[in-house]
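Structure first, commentary second.
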Amino acid sequence: DGGITQSPKYLFRKEGQNVTLSCEQNLNHDAMYWYRQDPGQGLRLIYYSQIVNDFQKGDIAEGYSVSREKKESFPLTVTSAQKNPTAFYLCASSRAGRVNTGELFFGEGSRLTVL
Amino acid sequence: GDSVTQMEGPVTLSEEAFLTINCTYTATGYPSLFWYVQYPGEGLQLLLKATKADDKGSNKGFEATYRKETTSFHLEKGSVQVSDSAVYFCALSDQNTGGFKTIFGAGTRLFVKA
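Okay, structure coming up:
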């Protein structure tokens, strides 16, 4: 079955450490996204990528970095510069261009806790 | 800018009760509208969608109608089940941005009691 795989599901980090969250999709989608979800809030866009080797900042990109070297993969690094990194992180993908209906396909999420 | 406002939760209902979760939006273009559902500890799944005015999206007994005149996309279900307990997100995707920016509401948590 096609889908999006995020790993790890749970991650604990000490303050000052960088961590990388993995996101892999086999849906053949061009566009991929990272969202942050905090309790009682909607999803906020961190970064998105419309095509390989290109990505754009979302609404809350500070303290995060991404790469898009392969169509299937869009890893997110939470750096030590992110002041409040404890959150639930969601990766998503969609079609792009004329066939893009706006529908997003989500992974199951990664919960990051900073100790 | 574009925005989505949905009713605050939590909403607590008994099994077989009627459900309405209100959602209104503001957009300068011609957005597509979506309802996503999130079960505990999981990512979001698309529940239903509508791409133009007066379209009705439906799935698993849930329905929502795209009302341009009232800028609304309220979610309804005639008879809820315990398994419907989840968080529901209303969202819009503006075709003017190529669909790359989806705006989400804050989510409404639904509890259904047996």
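Chains as they are written, first to last, in the numbering used here: chain P, -14 to 100; chain E, 11 to 124.
Where a beta carbon is used, it is the ideal one built from N, C-alpha and C, also for glycine.
**Report entry** Identity of the residue in Q67/P, G94/P, D44/P nearest S78/P by Cα
**Finding:** G94/P
Query raised in the report: So which residues on chain E does G94/P lean against when the C-beta distance must stay under 8 angstroms?
Result: G51, E52, G53
Query - Spatial neighbours of T61/E in its chain, beta-carbon cut-off 7 angstroms, leaving aside the 5 residues before and after - result: S42
Query raised in the report: Which term fits I36/P, buried or exposed, when burial requires 16 or more other beta carbons within 10 angstroms of its beta carbon?
Result: exposed
Query raised in the report: Are three or more beta carbon pairs between the region 72 to 88 of chain E and the region 26 to 35 of chain E nearer than 8 angstroms?
Result: yes
Report task. May I have the straight-line CA-CA distance separating R29/P from G92/P, to the nearest angstrom? Result -> 15 angstroms
Report task. For S42/E, decide whether its Cβ has a neighbour in chain P, counting only Cβ atoms nearer than 7 angstroms. Result -> yes
Requested in this report: Using alpha carbons as the reference points, say which of N69/P, I(-11)/P, S58/P, N85/P lies closest to E47/P.
Outcome: N69/P
Query raised in the report: Quick one: is Y98/E buried, meaning 16 or more other Cβ sit within 10 Å of its Cβ, or exposed?
Result: buried
Query raised in the report: What does F(-3)/P touch in chain E if you count any residue whose Cβ is under 7 angstroms from its own?
Result: Under the 7 angstroms cutoff, chain E gives no residues; its nearest Cβ is about 16 angstroms from F(-3)/P.
Query raised in the report: When the Cα atoms are used, what is the spatial distance from K70/E to G1/P?
Result: 46 angstroms
Report task. Could you name the residues of the same chain whose beta carbon sits closer than 7 angstroms to that of G88/E, not counting the 5 residues immediately before and after it, in chain order? Result -> F28, G71
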